[in-house]
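Numbering (this note's numbering), first residue to last: 867 to 996. Even glycine gets a Cβ: it sits at the ideal position worked out from N, Cα and C. Below is one structure, written out as structure tokens, with a few remarks after it.
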Amino acid sequence: MAESNLNQQTKVFGSGKDGICIIKCLTDIPGGRSLDASRIPAEYDVISAGHIVIKKAGQYILLGVTSGKFATLTEGESYVGVLRTAIMRQDPRGAIVTAGQVNGACTPFPIDDAIVKGLPHIEFLFTDKR
């Protein structure tokens, strides 16, 4: 199970898209979650707002990335929500939006039909503007 050290020094980072990626958060997972970032390529030090979060066997996982696209789910995995703000790969913990509106034009990778169907309480807007 992923764990977080809450006593670390903080750093300022981000792409500046945090404020526009999540248009409306109607519900989220209270307190956020520690996330497994092992599927994210090492070159990504910052994981942007709008990244898709999945769950397998009770563990919250950042959806992997393959060839500039979100990876597909494997057996036993399900979509949970969308990362609300950017986080550091070395300290993967964050708020997860489970219902609301997301600006699909500024998610880190394109949103495909499987993600839209897997997250029925999230409306992905402007996906055609990528």
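Check whether the Cβ atoms of residue i and residue j sit closer than 8 angstroms, and answer yes or no.
i: I918; j: I981; result: yes
i: S914; j: A868; result: no
i: I920; j: S944; result: yes
i: L928; j: D902; result: yes
i: Y910; j: R955; result: yes
i: K935; j: F975; result: yes
i: V968; j: I888; result: yes
i: G970; j: F990; result: yes
Helix, strand or coil for residue i, going by three-state DSSP, please let me know.
i: G930; result: coil
i: C972; result: coil
i: I886; result: helix
i: T993; result: helix
For residue i, which beta-bridge partners are listed by DSSP?
i: E869; result: The partner list for E869 (beta bridge, DSSP) is empty, contrary to what the question assumes.
i: I913; result: I953
Should the region 881–890 be called in touch with the region 921–939, which here means at least 3 C-beta pairs below 8 angstroms? no
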